[in-house]
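Student:
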Amino acid sequence: MSARLVVLASGAGTTLQAVLDATADPEFGATVVAVGTDRHDTGAERRARGSGVAVFTVRLEDHPDREAFNAATAERIAGFEPDLLVLAGYMKILSRQVIGRFRTINTHPSLLPAFPGASAVRDALAAGVKVSGVTVHWVDEGVDTGPIIAQRPVPVEPDDSEQTLRARIQGVERGLFVATIGEIVRSGSAQAVPAGDRRAPDLRASVRGSGTGRGSAHVQEES
Numbered sequence: 001m002s003a004r005l006v007v008l009a010s011g012a013g014t015t016l017q018a019v020l021d022a023t024a025d026p027e028f029g030a031t032v033v034a035v036g037t038d039r040h041d042t043g044a045e046r047r048a049r050g051s052g053v054a055v056f057t058v059r060l061e062d063h064p065d066r067e068a069f070n071a072a073t074a075e076r077i078a079g080f081e082p083d084l085l086v087l088a089g090y091m092k093i094l095s096r097q098v099i100g101r102f103r104t105i106n107t108h109p110s111l112l113p114a115f116p117g118a119s120a121v122r123d124a125l126a127a128g129v130k131v132s133g134v135t136v137h138w139v140d141e142g143v144d145t146g147p148i149i150a151q152r153p154v155p156v157e158p159d160d161s162e163q164t165l166r167a168r169i170q171g172v173e174r175g176l177f178v179a180t181i182g183e184i185v186r187s188g189s190a191q192a193v194p195a196g197d198r199r200a201p202d203l204r205a206s207v208r209g210s211g212t213g214r215g216s217a218h219v220q221e222e223s
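Using UniProt numbering, the first residue of the sequence shown is number 1, and each one after it goes up by one.
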């Protein structure tokens, strides 16, 4: 049976498009059953509708506080009965009300635990590192502290700007994210690499089942 994915995205939807393209192949083992956004008229929304995927929008400004926003978001997600919640450039912070109900995967533009947070690419350049990269991880209550599933390095060129490095990272990110989702849904499991451990991860943790039961998730720059 094909795994059911709900993808949350806020921006242009390029990472979302990579997931949509991959899941169009029946052999991939997963189907995007819905795309959620936090604003109207986004590239992500247009890409989803163009692929015939259901779209829902839950806006923070339509709710009295973040608790109500997260509760409404969780209910909309739950209506699609996902096996896995995928964050693909979603720009809102999700609380326990969402993360506690759904196993959630995210991608981050650095080799965590280095450079967590929304300015990861800028911070890597400021630090003068020679290698940056991409991390795919489970979402927990911290800022990009969730268990690591997969990583891939991206060299930093001497003349890189924030824009050029981000573009190269995003190119690698899409492929790694899609490949990791595929491994998870086909194997049914993934074992995370502890923070700071640079070994290649063994993909073995179950996608199905209850959520992590943890708190808010930090989500990354639009992609």
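Note that beta-carbon positions come from the ideal geometry of N, C-alpha and C, so glycine has one too.
Identify the continuous beta strand (DSSP E) that holds T73 and give its terminal residues.
Tutor: Looking at the DSSP string, T73 is not in any beta strand (DSSP E); the run it does join, the alpha helix (DSSP H), is 66 to 78.
Student: Hey, how far is the Cα of R47 from the Cα of Q17?
Tutor: Each residue's Cα considered, the two are about 7 Å apart.
Student: Pick out whichever of T145, V6, A30 has its Cα sitting closest to the Cα of A44.
Tutor: Ranking the options by Cα distance to A44, first place goes to V6.
Student: If the criterion is Cβ atoms closer than 7 Å, does the pair L87 and L8 meet it?
Tutor: Result yes, Cβ atoms of L87 and L8 sit closer than 7 Å.
Student: What did DSSP end up calling I181 once you bin it into helix, strand or coil?
Tutor: Helix at I181.
Student: To the nearest angstrom, how far is it from the Cα of R199 to the Cα of H63?
Tutor: With a pLDDT of 38 at R199, under the threshold of 50, the predicted position of this residue should be treated as unreliable, though the coordinate-derived value follows. C-alpha separation (whole angstroms): 43 Å.
Student: Would P194 be called buried (16 or more neighbouring beta carbons within 10 Å of its own) or exposed?
Tutor: Unreliable positioning characterises P194 in this predicted model, as indicated by a pLDDT of 44, which lies under 50. The coordinate reading is nonetheless provided below. Classification for P194: exposed.
Student: Inspect the beta-carbon positions of V136 and F177 and report whether they are closer than 7 Å.
Tutor: In contact: V136 and F177 (Cβ atoms closer than 7 Å).
Student: So the alpha helix (DSSP H) G133 belongs to, where does it begin and stop?
Tutor: Premise fails: G133 lies in the beta strand (DSSP E), 131 to 138, not in any alpha helix (DSSP H).
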